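In what follows, a structure is listed as C-alpha cells, so that the remarks can point back to it.
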Amino acid sequence: MPSSTQVFILYSTSNCKLCTEAVQMLNSLQRSHGFLLIETKLKSGDPLYTEFKTQFPVLQHNGKTVAWGRMDEMAILTILRNHGS
Numbered sequence: 235m236p237s238s239t240q241v242f243i244l245y246s247t248s249n250c251k252l253c254t255e256a257v258q259m260l261n262s263l264q265r266s267h268g269f270l271l272i273e274t275k276l277k278s279g280d281p282l283y284t285e286f287k288t289q290f291p292v293l294q295h296n297g298k299t300v301a302w303g304r305m306d307e308m309a310i311l312t313i314l315r316n317h318g319s
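In this note's numbering, the protein residues as written are 235 to 319.
Written as C-alpha cells, this is what we have:
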C-alpha cells in the first residue's frame with residue numbers, strides 16, 4: 235500500500251440501518267477514490283462501544299472522528315480532496 239493511501243476507520247454495530255447505508259456509500263467512494271476502509275463492528279462490552287453507542291456509525295480519518303450518524307457524501311469527498319486523494 236503506498237504511503238499516500240488514505241485510511242478511514244468505520245465503527246459500526248449490528249442491526250444499524252445507518253451503518254449499512256454508510257458502508258454502501260463508503261464502498262462506492264472507495265472504488266472511485268482508492269482509499270483504505272477498515273470496518274470495525276463493535277458490540278456491547280467493547281471499549282469503544284460505550285463511547286460511540288449513541289453515534290453509530292462513526293467514521294475516523296487520521297485518528298480524528300470526521301463523521302457520525304447519517305454520513306454526508308460531500309463531506310467525505312471534501313476530506314479526500316483536502317488530504318490528497
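Just so it is clear, CB atoms sit at the ideal spot from N, CA and C, and this is done for glycine as well.
In this text the structure is predicted, and so the values were computed from the model without any measurement.
Candidates the options: closest to residue i by CA position
{"i": "H317", "options": "F269, K251, Q258 and C253", "result": "F269"}
{"i": "G303", "options": "H295, Q264, F242 and S246", "result": "S246"}
{"i": "T239", "options": "D306, A309, H295 and M305", "result": "H295"}
Start-to-end residues for the alpha helix (DSSP H) that takes in residue i
{"i": "H267", "result": "K251 to H267"}
N- and C-terminal bounds of the beta strand (DSSP E) containing residue i
{"i": "L270", "result": "L270 to K275"}
{"i": "T299", "result": "K298 to W302"}
{"i": "F242", "result": "V241 to S246"}
Buried/exposed call for residue i, threshold 16 Cβ in 10 Å
{"i": "P236", "result": "No answer about P236 holds up, because its pLDDT of 49 lies below 50 and its placement is not dependable."}
{"i": "L282", "result": "exposed"}
Expected contact under 8 Å - CB spacing of residue i and residue j to nearest Å
{"i": "L244", "j": "V257", "result": "7 Å"}
{"i": "V292", "j": "I313", "result": "At roughly 14 Å, the Cβ-Cβ gap does not stay under 8 Å, so V292 and I313 are not in contact."}
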